[in-house]
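With the working numbering, the residue at position 123 of the sequence shown is 414, and numbering never jumps.
Glycine included, C-beta positions come from ideal geometry on N, C-alpha and C.
What follows is a set of notes on a single structure, which appears directly below.
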Amino acid sequence: MKSLFQERIMERIPEPELMEEKEQVISYDKADFSEGEVNLINQINHYLLKKNISLGEKDLIVDLGCGPGNISEKLAIKWPNTQVVAIDGSKEMILRAENNKNISTNQNKLKNLRYICSDIKDIKSNNFLFKKEISLLVSNSLIHHITKLEDFFNTIRSLSSNITVNFHKDLKRPLDEKSALELKAQCLTKYNEILANDYYASLRASYTLKELKNFTLENDLSSLDVFEEADKYLIVYGNV
Ligand SMILES: C[S@@+](CC[C@H](N)C(=O)[O-])C[C@H]1O[C@@H](n2cnc3c(N)ncnc32)[C@H](O)[C@@H]1O
């Protein structure tokens, strides 16, 4: 028989929005998440192909909560003729991202990429940032950082036009504390303790499928698809 502890559904415990601690930023930057990142780019490509969209010179891609730029660089390389703007509110992360771009062996393929340090909640009013409509609006592992879901969805609503394809991927909150601790233990076999602690905090801060879905249905955002992937992730996809 399961104990009460095991059966208790995990409540959401928010974590700080910005990743600003140097140690935390260094650990995140040094970790190799490339497998998941390549999958994400392939997934986005798959969804664009399904919509018959091929991105070129006229297109702008925006990566929200870009961190050290792992996804941003891959977007810039995959769609070299587009402009890519990547945004993070943490100065420490943006410094890392700029540095990674400068030391990249693909530097000549990253001329279309620029970084901006800003809270995503402020960019809706900063219309000087974007000279054209956004064709692809992306985020990875951002939503769980945002304390209030309305802040995330208001941002993507205000940045989107009818040509904007949204693709946002994040962790799904595990059902209970035991599952979260198991995932943390798995993380420790690959990464250091700082990263495993951050991952555990992120799992507890993540939303559930029901929370994201209900939010979209109750806030006139039902044109967005919200679905689970591989039991661990949530995806928000479509036009706003
Ligand atoms: C877990 S990292 C993900 C980084 C990157 N997207 C990736 O997949 O490697 C989340 C990032 O979102 C940023 N972030 C969180 N809340 C934000 C906000 N309100 N505005 C801007 N950036 C934010 C954090 O500073 C952090 O760099």
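Asp-354 carries a strand assignment under DSSP once its states are collapsed to helix, strand and coil.
Counting other Cβ atoms within 10 Å of its Cβ, Ser-325 stays below 16 and is therefore classed as exposed. If you check the C-beta of Gly-347 against ligand 1, you find no heavy atom less than 7 Å away. C-alpha of Ala-471 to C-alpha of Arg-464: approximately 8 Å in a straight line. No residue range can be given for Tyr-498, since it is assigned to no beta strand (DSSP E) and is classified by DSSP as neither H nor E.
DSSP places Gln-477 outside any beta strand (DSSP E); the residue lies instead in the alpha helix (DSSP H), whose first and last residues are 468 to 479. Membership of Glu-364 in the alpha helix (DSSP H) is indicated by the continuous run 361 to 369. Residue side-chain check: Lys-412 places its Cβ nearer than 7 Å to a non-hydrogen atom of ligand 1. Nearest Cα to Ile-317 within the set Ala-492, Glu-484, Glu-441: Glu-484.
In terms of Cβ geometry, Leu-466 and Met-301 form a close pair [threshold 8 Å].
Taking 8 Å as the cut-off, the Cβ atoms of Tyr-528 and Asp-516 count as close. Taking non-hydrogen atoms of ligand 1 into account, the C-beta of His-436 is found less than 7 Å away from one of them. Within the DSSP bridge table, the entry for Ile-526 names Lys-460, Phe-518 as partners. Within the chosen limit of 7 Å, ligand 1 does not reach the beta carbon of Phe-518 with any heavy atom. Less than 8 Å divides the Cβ of Ala-487 from the Cβ of Leu-479. Inter-residue distance for Ser-432 and Asn-453 is about 24 Å (C-alpha atoms, whole angstroms).
Ile-378 is bridged by DSSP to Leu-355, Ile-407.
A distance criterion of 7 Å places the beta-carbon of Leu-386 beyond contact range of ligand 1, judged by its closest non-hydrogen atom. One Cα belongs to Phe-421, the other to Asn-372, and the distance between them is close to 16 Å. By the C-beta criterion, the region 370 to 387 is judged to be in contact with the region 349 to 361, since at least 3 inter-stretch pairs fall below 8 Å.
A direct Cα-Cα distance of roughly 13 Å separates Lys-369 from Asn-330. With respect to the 8 Å criterion, Phe-506 and Leu-440 are classified as neighbours on the basis of their beta carbons.
Here Lys-412 is near Thr-446, since their CB atoms are less than 8 Å apart. Taking non-hydrogen atoms of ligand 1 into account, the C-beta of Glu-308 is found less than 7 Å away from one of them.
At a cut-off of 7 Å, the beta-carbon of Phe-444 does not count as near ligand 1: no heavy atom of the ligand is closer than that.
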